[in-house]
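Below: the structure, in structure tokens.
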Amino acid sequence: MSQQRPGGQSGQPGAVPALPDLPEATVARLPEYLRALHNLAESGNDTVSSEGLAAAAGVNSAKLRKDLSHLGSYGTRGVGYDVALLIEQIEYVLGLTQRRAVALVGVGNLGHALAGYAGFATRGFRIAALFDADPSRVGELINGLVVRHIEDLTETAAAESIAIGVIATPAAAAQSVADQLVAAGVTSILNFAPCVLSVPEGVDVRKVDLAIELQILSFHEHRKASLTSLPATGSGAGKLRPEERSDEGGARRLPGAFSERSERSQHGPAGGLTALPGGLSATGTEEAVGT
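Shown next as structure tokens:
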């Protein structure tokens, strides 16, 4: 089996071939593969095995092979994947064969940092315009761009062919900004504001909330601390204190109303879930925090 170049089939001259309907999880991993491939190319690697690429991207090789099979890319037995060709395939699927113009709304501390981030240009994106509603910021020059008033959004979006907007405003202003972006013809939004946006069908929103990521890490720290507090060695190892003895369902009672149950237990919640305070349940780290 071999790799195929993207866009090899076309019904009419100039027609854009239909893209495969990829699972969202696969789409989310493609940029990781692309970054790893660019690093491999810069290091002088012409080919890479599925195991090597999986390790570079931080996934298991079976998952990587399944993801790439959606693109019609199976590699060559005994050789692996052609690095340059796979970069071409993934960039095509991600729509990175053309540079995308992006509008950034909100030029506070976060907006300033985003406006000056050089990584966008190397990934196929161009910050085409900066906007803010604060009169004191309008007219400011940031990374070669003059901050415009948000009222100029519609006109500028049309002139610059902007289809992607980035919201870096306080949460209270985010929904209004989203409405203005949609009205200006923007169909994809990256939201850094800590809130949920309501948008029409056909508009895609990706949310980046650093506080949520820290809270997830806090859960893992809390869980590790709770596990290390359990007795593991010494003369009392293997013996349960009275408050830890089994309840009628076979679960071991732990202090604070926690209960621990074997994955094979047939008496616990559906799927052998471990009961947590507040009615939460989890079968493992990933399921506890979502995928």
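Position 64, counted from 1, in the sequence shown is what our numbering calls 815; the numbers after and before it change by one each time, with no gaps. Here a beta-carbon is modelled for each residue, glycine too, at the ideal position from N, C-alpha and C. None of these values were measured; they are calculated from a predicted model.
Compare the C-alpha of residue i against each of the options and name the closest.
| i | options | result |
| --- | --- | --- |
| residue 954 | 940, 947, 944 and 844 | 940 |
| residue 849 | 865, 873 and 959 | 873 |
| residue 922 | 959, 890 and 814 | 959 |
| residue 854 | 843, 871 and 844 | 871 |
| residue 792 | 925, 861 and 834 | 834 |
| residue 932 | 883, 817 and 804 | 883 |
| residue 938 | 946, 957 and 924 | 957 |
| residue 775 | 963, 875 and 845 | 845 |
| residue 843 | 891, 771 and 975 | 771 |
| residue 819 | 856, 807, 806 and 778 | 778 |
Leaving out the 5 sequence neighbours to the left and right, which residues in its chain are closer than 6 Å to residue i when beta-carbon positions are compared?
| i | result |
| --- | --- |
| residue 1071 | Outside the modelled stretch of the chain, which goes from 752 to 1042, sits residue 1071, for which no answer is possible. |
| residue 801 | 812, 815 and 816 |
| residue 946 | 922 and 925 |
| residue 900 | 889 |
| residue 1043 | The requested residue 1043 does not occur in the structure, where the chain is confined to residues 752 to 1042. |
At what residues does the alpha helix (DSSP H) containing residue i begin and finish?
| i | result |
| --- | --- |
| residue 852 | Counting along the chain, residue 852 falls outside any alpha helix (DSSP H), though it belongs to the beta strand (DSSP E) covering 851-856. |
| residue 977 | 961-979 |
| residue 860 | 860-866 |
| residue 888 | Neither: residue 888 is in no alpha helix (DSSP H) and is coded neither H nor E. |
| residue 780 | 775-793 |
| residue 1076 | No answer is possible for residue 1076: the residues shown for the chain start at 752 and end at 1042. |
| residue 801 | 801-808 |
| residue 737 | Because the chain is modelled from 752 through 1042, residue 737 falls outside the range shown and cannot be assessed. |
| residue 904 | 904-911 |
Using a Cβ-Cβ cutoff of less than 7 Å, which residues in the same chain neighbour residue i once the five nearest sequence positions on both sides are dropped?
| i | result |
| --- | --- |
| residue 789 | 838 |
| residue 888 | 858 and 898 |
| residue 929 | 918, 940, 948 and 950 |
| residue 861 | 919 and 943 |
| residue 830 | 798 |
| residue 721 | Outside the modelled stretch of the chain, which goes from 752 to 1042, sits residue 721, for which no answer is possible. |
| residue 963 | none |
Once the 5 residues before and after residue i are set aside, which same chain residues still bring their CB inside 8 Å of it?
| i | result |
| --- | --- |
| residue 809 | 783 |
| residue 797 | 833, 834 and 835 |
| residue 909 | 935 and 936 |
Taking 8 Å as the cut-off, decide whether the C-beta atoms of residue i and residue j are in contact.
| i | j | result |
| --- | --- | --- |
| residue 878 | residue 781 | no |
| residue 944 | residue 920 | yes |
| residue 804 | residue 787 | yes |
| residue 851 | residue 915 | yes |
| residue 847 | residue 867 | no |
Is the beta carbon of residue i within less than 7 Å of some heavy atom of the ligand ATP?
| i | result |
| --- | --- |
| residue 874 | Only the bare structure without any ligand can be found here, which leaves the ligand ATP out of the picture. |
Closer than 8 Å, CB to CB, is residue i near chain B or not?
| i | result |
| --- | --- |
| residue 839 | Annotation note: the requested chain B is absent from the structure, which comprises a single protein chain. |
Tell me the DSSP bridge mates of residue i?
| i | result |
| --- | --- |
| residue 941 | 917 and 957 |
| residue 847 | Paired residue(s): none; residue 847 is not in a bridge. |
For the beta strand (DSSP E) that residue i lies in, which residues bound it at each end?
| i | result |
| --- | --- |
| residue 816 | Element bounds for residue 816: not the beta strand (DSSP E) but the alpha helix (DSSP H), 812-820. |
| residue 898 | 896-900 |
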